[in-house]
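One structure below.
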Amino acid sequence: MARLEARTDAPHIQWHFSWDRLVQWSIVVLTTLLVIFPAWPLFVQAFMDKPLYDATKQLTFNNIARTFTSTELLGVVGTTAIYGVLTTVLAVALGTMLALLITRTDMPGKGLVSSFVLIPFFVSPLVLAYSWDTIFGRQGYLTVVVRSFGLPTWDLLTLGGLIVVTAMFYAPNAYLQCTASLALSDPQLEDAARIAGANPFLALWRVTVPLLRPAITFSALFIFVSSIEMLAIPLVLGSPVNIQILPSYLYKIGAVGSPPDYGQLAVVSILLVIFIAFLVAIQNRLVRQERRFVTIGGKATRPRLLRLGLWRIPAFAIVALYMLIGIIFPLIGLVAKSFVVFLNPFINPLTVFTLEHYDFLLTAQSYSNSIVNSMVISTLGAAIGIIFMAMIAVIVYRSTFPGRQALAYAAMFPRAFPGIIVGIGFLWAFLLIPGIANARNTIWAIMAAFIMRYLPLGFIAISPSIMRVSNELDRAARVAGASWFQMIRSILAPILFPALMSGYVLLFITFLKEYASALFLYAPGSEVIGTSLISLGRNGDSGPMAALATIQTAITFVIILLSRRFLGVKLYE
Amino acid sequence: MNDLIIEGLVKNFGKVRAIDNVSLTVKNGTLTTLLGPSGCGKTTTLNSIAGLDPIDEGIIRVGDFVLNDSKRGIALQPEQRELGMVFQSYALWPHMKVYDNLAFGLKLKKVSDTETKKRIKETLDLVGLGELGDRYPFQLSGGQQQRVALARAVVTQPRLLLLDEPLSNLDAKVREHARIWLREVQKRVGITTIYVTHDQAEALAMSDMIAVMSNGKLLQYASPADVYERPVNRFVADFIGATAFLEGTITAINGDQAKVLLKGGQTITAQTSTRWRDEKEVAIAIRSERVQVVTDSSKTDNVIAARIISSTYLGSKWQHIVETDAGSLKVESLDAASDSLLKLYLPPSAIILIPNS
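Chains as they are written, first to last, in the numbering used here: chain A, 6 to 578; chain B, 21 to 377.
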């Protein structure tokens, strides 16, 4: 056996090139370029009287003046405010109630319900909007059935309809926030209320529900921001009846209107970005203030479930009805529609069964392209994206890089950018920088826009896993003689592998669903599924549209199931 | 009378018997500690008294106020029991100020506003936090939170005070102060108290009575001195601080003196209050702090030879692990040992005889 002996000879130090700083600087420069790239043309365009690419353009303040005096815009802002607030209230109420029922009561069928409640999370809002239209629209399946009985019907194509559908889409977010908060809360707090004389309902109402306040506020802000960025649902259900909220209005004046009003588009975009940045800043403050609600952990005890007694069955019935109406029935309707010539309650679907919609998709070049392009962008883009985002997070949390806090801000910067504005920004940047204009219509440009838009998502997804790894592990590696980059490769990367896989799958399905930031970038040859869905919907090709939506949703669920089965990936816990 | 009476308490978790037929009586105004290692059933017993865990069999009552009676189908909900409880995590409601934490239970008991104010002031003064009513729990130190938790538990003037390892989240130094303070408050309020801990020093220092539990069974229920001096079995002796066990056989009994033949052939004398039979196999628990290292030959009775295996310096003393013919044990001395061979004097009072079962 070798003897252990302390070394006494002098260390010989020689200067050598440090890869560490090079890697760190490259990531920092890339991140900065990526987030500034689509942002700066907005500021140029805001002060130009003609489109950026027009050589005769001149400096003007007219755009700003027009924006602040436009009564049409004022109306849109008002609608957006109502839409955002009511969507948030409804989504948060739904999500919180579901979370309480599923985690804290003895309602039957909780396992079943909890696996269905997250479905909207994985489905594109475009798909959800189209499926609702299929079932509850003016000629929707159920609408027609109810009308045939001579009963009064509803009109989905109203502001109220938009709000309900959007709230259904965002309710899972509030549900997840509340469930996570409930899982962390100390069951002894409720026990203490019982001992003090409160009955189970009162203990829940006075102790547990108030403690959800940070989670509720946090998700309310998130849902508000997301809903005023929402393009798909207003575009599908609002635009046909001229109900506009800001993103669909921007799309209208930028892409549909002729000639497009780029000046006003830029000014409104900048104002919207500033407003959202302000909301995001509030949200970040809230996270820090949550300290007040952190308690000393007690023994790991399971919280006692609230006995609903006679209310068990009604509670389950209401939740099941919500699932059926909100999620399951519309999705089944959309899938059914993709397999029939004509979906109508009075025609036996088997007699009109057809595969022609799928056939059409696969033979029409532009639509089959969009499936291939989406798969390439998702597979490759998510891989590049998650590695890039993980490197950013590692530099922020695990390096001595002097500007690492600024890097964190840069990575979070795109959070303030609605998808449609990312797309406009990328388009203009490609047009403004000489020599790269032709790249704007490639799938690589779209991939870059997706990565930029979802930098914050990946950064937030991977950061907690990095912070959970004790930094003594890195220090041990450094003391043992590894450089910073070697430590990342041989210590952090293997430990973080499961988290990276989860992040990859999350980005994959996000990229597969994304449409808004591609709207201004795609051209023949670089369509993605989302843009094809919108053009099919606009052309009234509802059969092929349903088929494409079915394909997109099916790919998403297959990926989720496979990754859960074989990689142990859990996307949301 | 407000004695707490528990009779034949049984509690199962699935097939595991968490509490196995426990009966005990806690005299009005006294403090009883449930002592045992984790998983022994002490916290489950406490939760059963609180009504947080439903019981399977048995009676729990405070005087004539019946909390549980499995035969008559009585099982009050926690909120109907009128108890006070301090949780291990303190369980202070983080969204309420200290004052509101205390007021919550009073409001539910429909105590008038003026009375509520008066009682909260008195109680906060009692725990020495009169000025802190306006603070949120997160603005308090661990020790202060623990005081608020106690104040909240007693402000409603409960029938019983239940304490679930209330000191385990405190630093060692604060803990010792808190121990003395807690006992003083309990005596001043004069409330019947059940205290759960796994710390034997805490139990010995604070209790009127100690109930030692293991595997859901009540092994011994006696005063601290009795539990310490006369443990009923090897488990209790071990848990309450004996550091070594030797084996031997009783060869003769003479009044309260027993002659014990150690493994290895040496005979020693032990003091015992139990009536033993001759030829009885016994375990001999040794309290290391009472064993003396002898350097001269003035004593010959109860002296055995030992060899030092290792020595550790503890500041005020040295601790040695030594080996004898009868087994190994820990002993202490004031000075470092100069020789690895020692002679140990085992005073009869340092030896506790326990039936070897």
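Built from N, CA and C at the ideal position, the CB exists for glycine as well.
| Query | Result |
| --- | --- |
| Interface flag, glutamine 193 of chain A vs chain B, CB-CB below 9 angstroms | yes |
| Coil, strand or helix - arginine 290 of chain A by DSSP | helix |
| Counted within 10 angstroms of its Cβ, other Cβ atoms place glutamine 269 of chain A as buried (16 or more) or exposed | buried |
| Candidates A:Leu47, A:Ile32, A:Arg26, of which the one nearest isoleucine 426 of chain A by Cα | A:Leu47 |
| Below-9 angstroms beta-carbon distance, methionine 233 of chain B vs any chain A residue | no |
| Contacts of lysine 129 of chain B in chain A (Cβ-Cβ under 8 angstroms) | Gly202 |
| Contact under 9 angstroms by Cβ, leucine 55 of chain B with histidine 197 of chain B | no |
| Whole-angstrom C-beta distance between threonine 72 of chain A and valine 278 of chain A, which should lie under 8 angstroms | About 14 angstroms; that fails the 8 angstroms criterion. |
| Identity of the residue in B:Asp316, B:Leu349, B:Arg199, B:Ala262 nearest leucine 183 of chain B by Cα | B:Arg199 |
| Same chain, Cβ closer than 7 angstroms to isoleucine 451 of chain A, five either side skipped, listed in chain order | Ile382, Ala523, Leu526, Tyr527, Ser531, Val533 |
| Runs of beta strand (DSSP E) wholly within the region 117-197 of chain B (minimum 3 residues, chain order) | 181-184 |
| DSSP three-state assignment for proline 335 of chain A, whether helix, strand or coil | helix |
| Proximity test, Cβ basis, 9 angstroms: proline 215 of chain A and chain B | yes |
| Contact with chain B by leucine 189 of chain A, beta-carbon distance below 9 angstroms | no |
| Sheet register partners of serine 330 of chain B (DSSP bridge) | B:Ile341 |
| Local conformation of proline 57 of chain B per DSSP, three classes | coil |
| Secondary structure of methionine 452 of chain A, DSSP reduced to three states | helix |
| Beta-carbon separation (whole angstroms), glycine 49 of chain B vs threonine 176 of chain B, contact threshold 8 angstroms | Incorrect: roughly 18 angstroms between the Cβ atoms, too far for contact. |
| Cross-chain neighbours of glutamate 142 of chain B in chain A, by beta carbon under 9 angstroms | What glutamate 142 of chain B touches in chain A: nothing, since even the nearest Cβ is about 18 angstroms away. |
| Alpha helix (DSSP H) segment containing methionine 328 of chain A, residue limits | 317-328 |
| Valine 132 of chain A, enclosing beta strand (DSSP E) - first and last residue | Element bounds for valine 132 of chain A: not the beta strand (DSSP E) but the alpha helix (DSSP H), 130-141. |
| Euclidean distance between Cα positions of isoleucine 372 of chain B and alanine 201 of chain A | 45 angstroms |
| Proline 499 of chain A burial status per 10 Å Cβ neighbour count (16 or more: buried) | exposed |
| Glycine 150 of chain B versus leucine 144 of chain B: straight-line alpha-carbon distance, rounded | 5 angstroms |
| Of the listed residues B:Ala123, B:Ile306, B:Ala326, nearest to threonine 315 of chain B (C-alpha basis) | B:Ala326 |
| Collapsed DSSP secondary structure at arginine 592 of chain A in the structure displayed | The first residue shown for chain A is 6 and the last is 578, placing residue 592 of chain A beyond what the model contains. |
| Inter-residue Cα distance where the pair is alanine 416 of chain A and phenylalanine 464 of chain A | 7 angstroms |
| Cβ pair alanine 44 of chain A, phenylalanine 418 of chain A closer than 9 angstroms | yes |
| Distance, threonine 163 of chain A Cα to valine 170 of chain A Cα | 11 angstroms |
| Minimum Cβ-Cβ distance from leucine 112 of chain B to chain A less than 9 angstroms | yes |
| Supposed contact pair proline 239 of chain A and leucine 167 of chain A - C-beta distance, whole angstroms, cut 8 angstroms | 6 angstroms |
| Residue from A:Val82, A:Arg293, A:Arg420, A:Glu477 whose Cα sits closest to the Cα of methionine 457 of chain A | A:Arg420 |
| Spatial distance of glutamine 220 of chain B from phenylalanine 259 of chain B (CA atoms) | 7 angstroms |
| Three-state secondary structure (DSSP) of glutamine 410 of chain A | helix |
| Minimum C-alpha distance to methionine 173 of chain A - residue among A:Phe141, A:Thr92, A:Asp138 | A:Thr92 |
| Contacting residues, own chain, Cβ-Cβ under 7 angstroms from isoleucine 140 of chain A (five flanking each side not counted) | Tyr146, Leu147, Phe334, Pro335, Gly338 |
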